Amino acid sequence: MRLVQHLSLLAATVGAGLMAGLFAAFSYAVMPALRGADDRTFVDAMQRINVTIVNGLFLLIFLGTPVLAALSAILARYGASRPALPWIVAGLLLYLVMFAVTAAVNVPLNDALAAAGAADLAAARQRFEATWVAGNVVRALASTAGFGALCWALVVTGRSGG
């Protein structure tokens, strides 16, 4: 059972790190690069990204990470890794903040941008960009903090011999 707990925590940590990196890259590279693009290029690029990103690997990481973190928390609660439990729970909760912001802010904006098609690109961009970027910054911060908490849970697990 200890091996399953370690592997689930390790996999949850890797998944959280991958998601944090994705959202951080959008914050400091992708969206600043698109800021200087004309409306047609911006809308086209975001529509293409929003279609392309919904793939099997993304969904496995995005949806699998909280499942693995929850499994790790359950196993830590009843196993030798109990000292890491607060860090695992913190990582899971921060990941769920990112998940909630994605569902409540970013996905609806992505859907609205997709529905906008090619009509009135300036208005579509105006309704999308600032709010999407702000939501993404929150996702990047929450997922990075969650990743850090899960990293620390790995350290605590190693120190406790769990």
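For the sequence shown, my numbering gives the first residue as 3, with consecutive numbering after it. Cβ coordinates follow ideal geometry from the N, Cα and C atoms, glycine included. Nothing here was measured: the structure is a model prediction, and the numbers come from that model.
Whole-number beta carbon distance between residue j and residue i, since they are thought to touch under 8 angstroms
{"i": "Ser74", "j": "Ser10", "result": "4 angstroms"}
{"i": "Phe28", "j": "Asn112", "result": "The Cβ separation is near 12 angstroms, so there is no contact."}
{"i": "Asn52", "j": "Leu115", "result": "7 angstroms"}
{"i": "Ala26", "j": "Gly148", "result": "Contact doesn't hold; Cβ gap of about 12 angstroms is too wide."}
{"i": "Ala86", "j": "Thr146", "result": "Not a contact, Cβ separation roughly 19 angstroms."}
{"i": "Trp89", "j": "Asn108", "result": "About 27 angstroms separates the two Cβ atoms, so there is no contact after all."}
Helix, strand or coil at residue i [DSSP, three-state]
{"i": "Gly19", "result": "helix"}
{"i": "Ile63", "result": "helix"}
{"i": "Ser83", "result": "coil"}
{"i": "Leu56", "result": "The question names Leu, yet the displayed sequence has Val at residue 56. Three-state DSSP puts Val56 in coil, outside helix and strand."}
{"i": "Asp113", "result": "helix"}
{"i": "Gly38", "result": "coil"}
{"i": "Gly119", "result": "coil"}
Nearest to residue i (by Cα), restricted to the options the options
{"i": "Leu98", "options": "Leu70, Phe130, Val56, Arg129", "result": "Leu70"}
{"i": "Ala144", "options": "Ala13, Gly23, Leu12", "result": "Gly23"}
{"i": "Ala124", "options": "Leu59, Thr104, Val109, Phe44", "result": "Phe44"}
{"i": "Leu59", "options": "Thr159, Val32, Leu20", "result": "Leu20"}
{"i": "Pro34", "options": "Trp89, Ala132, Ala14, Tyr80", "result": "Ala132"}
{"i": "Gly66", "options": "Gln128, Arg127, Thr15, Ala126", "result": "Thr15"}
{"i": "Ala126", "options": "Ala13, Met48, Gly81", "result": "Met48"}
{"i": "Ala102", "options": "Val140, Pro88, Thr54", "result": "Val140"}
{"i": "Val40", "options": "Gly81, Gln128, Gly150", "result": "Looking at the sequence itself, residue 40 is Asp, so the reference to Val does not match. Considering only alpha carbons, the answer is Gln128."}
{"i": "Ala13", "options": "Leu36, Ala136, Pro110, Phe64", "result": "Phe64"}
Inset, instruction - Flag this pair as touching only if the region 106-122 and the region 5-24 have three or more C-beta atom pairs under 8 angstroms; answer yes or no. - result: no
Inset, instruction - Specify whether the region 83-101 and the region 147-158 touch according to this definition: at least 3 beta carbon pairs, one from each stretch, less than 8 angstroms apart. - result: yes
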